[in-house]
Amino acid sequence: MTEKDIIEFVTGLPGVVVFTAGPDTAAPEVAWGDTFVYYAPDGKVPERQQPFATIVTKDYPGFDTASDLNRPEVFRLNVVAGRAMFERLLGYPPAAHAEHHAGIDYTVTDRVLPHPVYAVQGWISILNPGEQARPLLTDAHARAAARHR
1 MTEKDIIEFV TGLPGVVVFT AGPDTAAPEV AWGDTFVYYA PDGKVPERQQ PFATIVTKDY
61 PGFDTASDLN RPEVFRLNVV AGRAMFERLL GYPPAAHAEH HAGIDYTVTD RVLPHPVYAV
121 QGWISILNPG EQARPLLTDA HARAAARHR
């Protein structure tokens with residue numbers, strides 16, 4: 001899937017708002033080009049809500065560089081999997097991620113991986129994902145909708 005494919009897919013889910021940071025937005029320059037996917041049935045980007053998925057297009061120096069996103073044509077889809085799905089997909093709970101972190105190659109494409117920074121919070125990531133991203137996004141959307149107040 002391309003970034004465009006992912007954006008088209010999630011915009012087809014009910015109540016989704018997609019925000020891509022850029023120079024014409026209030027987002028910091030470091031986030032320009034990155035996309036944030038929210039469940040927001042009112043059609044507005046929430047001010048106090050985390051996205052249920054993001055598309056990151058570059059490394060964040062000094063913070064998030066493990067995926068080596070500065071390679072040509074590489075991007076990372078990040079999805080809130082939650083504890084149960086994280087463990088089902090990766091074989092261990094998010095709380096145990098520190099024990100596994102050093103043995104993970106975060107640069108591998110099209111494979112479900114723990115998020116290099118937010119795994120403990122139940123986030124997973126896939127560099128240049130294939131079709132396996134669709135059910136993960138659908139599940140994250142359903143959980144975001146269920147939590148919405």
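Numbering follows UniProt numbering, with no gaps: position 54 of the sequence shown is 54. Idealized CB from N, CA, C, for every residue including glycine. Just so it is clear, the structure is predicted and the values come from calculations on it, not from any experiment.
Asked: Serine 125 to tyrosine 60, Cα distance in whole Å?; Found: 15 Å
Asked: Would you check if there are 3 or more beta carbon pairs closer than 8 Å linking the region 50–69 to the region 128–146?; Found: yes
Asked: So, at 7 Å on beta carbons, what are the nonlocal neighbours of glycine 43 in its own chain, with the 5 sequence-adjacent residues on each side left out?; Found: Val17
Asked: For histidine 97, which residues from the same chain have a beta carbon less than 7 Å from its beta carbon, with the 5 sequence-adjacent residues on both sides left out?; Found: Pro114, Ala119 and Val120
Asked: Between the beta-carbon of asparagine 128 and the beta-carbon of phenylalanine 75, is there less than 9 Å?; Found: yes
Asked: For valine 117 versus alanine 66, is the C-beta spacing smaller than 9 Å?; Found: yes
Asked: Check this for me: beta carbons of aspartate 34 and threonine 20, under 9 Å apart or not?; Found: yes
Asked: With a CB to CB cut of under 7 Å and the five nearest residues on each side skipped, what residues in its chain are close to glycine 15?; Found: Tyr39, Ala40, Pro41 and Ala145
Asked: Where does asparagine 70 land, buried or exposed, given buried means 16+ other C-beta within 10 angstroms?; Found: exposed
Asked: Use the C-beta contact count for lysine 58: other C-beta atoms within 10 angstroms, 16 or more gives buried, fewer gives exposed.; Found: buried
Asked: With 16 other CB atoms within 10 Å as the buried threshold, where does histidine 100 fall?; Found: exposed
Asked: Which of the three DSSP states, helix, strand or coil, is assigned to arginine 83?; Found: helix
Asked: What are the start and end residues of each continuous beta strand (DSSP E) run of 3 or more residues lying completely inside the region 43–116, in chain order?; Found: 53–56 and 76–80
Asked: Could you give the DSSP three-state label for threonine 25: helix, strand or coil?; Found: coil
Asked: What is the C-beta distance between isoleucine 6 and leucine 77, in whole angstroms, given that I count them as a contact (C-beta under 8 Å)?; Found: 6 Å
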